[in-house]
Structures are given as C-alpha cells and as structure tokens.
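**Student:**
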Amino acid sequence: TLPFLDNYTNTKHQYTCLLCQKGFNKTSHLKVHWRKHSGERPYHCTWQNCNKTFTRSDELKRHERTHTGERNHSCSQCEKKFTRSDHLKKHIKTH
858 TLPFLDNYTN TKHQYTCLLC QKGFNKTSHL KVHWRKHSGE RPYHCTWQNC
908 NKTFTRSDEL KRHERTHTGE RNHSCSQCEK KFTRSDHLKK HIKTH
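Here the working numbering is used: the first residue of the sequence shown is 858, the next is one more, and so on.
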C-alpha cells in the first residue's frame, strides 16, 4: 500500500492529503496529487531528444501534440486550428 493511503482524514471529501490537506473524492485523484509531493513523474515522452516527464497521462498526450503538430480543435468562423480546446475557446471570444 502507498504511504499516502495508510492514513487519511475523513472529511466532506473522502480522502485528504496528509501533507497539504487538499481533499479528494477518489483515491486515484489523491494518488495523482501525491506525485506533486513525491516528485514521481511516471509518464515519459519517447520522442528522440525529448526528456520531458509528466505526472499524468493526459499531460503527456497534450505534450506529444507539440511534436506531431496535431490540431483537432478548429474555429467554425475562421477555420483556425488549435491543439487544445481551451485555446480554441479563448480564440472564439475574439470574434
């Protein structure tokens, strides 16, 4: 068992980080959060000459788009494309 799950505080959130008291509803969310304290970065970019690592798989996937140039989010008004949906949302406000 992982050290951060041995003892947890029961609050309105079911699980609370013992180091910073941040609350979570799921142990999986606490586990991901714990990586901020432990420094664990299990997701590694496999592109040549890129040594970046990440705490979450979605962060790695987002990063990989910088290598592939993949842009799946496009503006319906001007066809400009973006790698991230939040960047598209910000752009749409400019129209």
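We put the beta carbon where it would ideally sit given N, CA and C, even for glycine.
Keep in mind it's a predicted model, so treat the numbers as computed, not measured.
1. Does the beta-carbon of His890, which I'm using as the reference point, lie nearer than 7 Å to any heavy atom of the ligand NAD?
2. When the distance is taken between beta carbons, is Arg941 closer than 8 Å to Asp930?
3. Assuming the contact rule is C-beta atoms closer than 8 Å, Lys920 and Gln934 should be a hit. Round their C-beta distance to whole Å, please.
4. Considering only residues of the same chain and omitting the five flanking positions on each side of Thr923, which have a CB-CB separation below 8 Å?
5. Between Arg892 and Tyr900, what straight-line distance do the alpha-carbon atoms span, to the nearest angstrom?
**Tutor:** Based on what the coordinates show:
1. Although the ligand NAD was asked about, the structure shown includes no ligands whatsoever.
2. Translated into positions along the sequence shown, residue 930 becomes position 73. Translated into positions along the sequence shown, residue 941 becomes position 84. For the record, residue 930 in the displayed sequence is His; it is not Asp. Cβ atoms of His930 and Arg941: closer than 8 Å.
3. To locate residue 920, count along the sequence shown from 1; it is residue 63. To locate residue 934, count along the sequence shown from 1; it is residue 77. It is His, not Lys, that sits at residue 920 in the sequence shown. The pair is not a contact, with the Cβ atoms about 28 Å apart (cut-off 8 Å).
4. Counting from 1 along the sequence shown, the entry for residue 923 is found at position 66. Cβ neighbours of Thr923 beyond the five flanking positions: Thr940.
5. Within the sequence shown, residue 892 is the residue found at index 35, counting from 1. Within the sequence shown, residue 900 is the residue found at index 43, counting from 1. Between Arg892 and Tyr900, the C-alpha separation is close to 11 Å.
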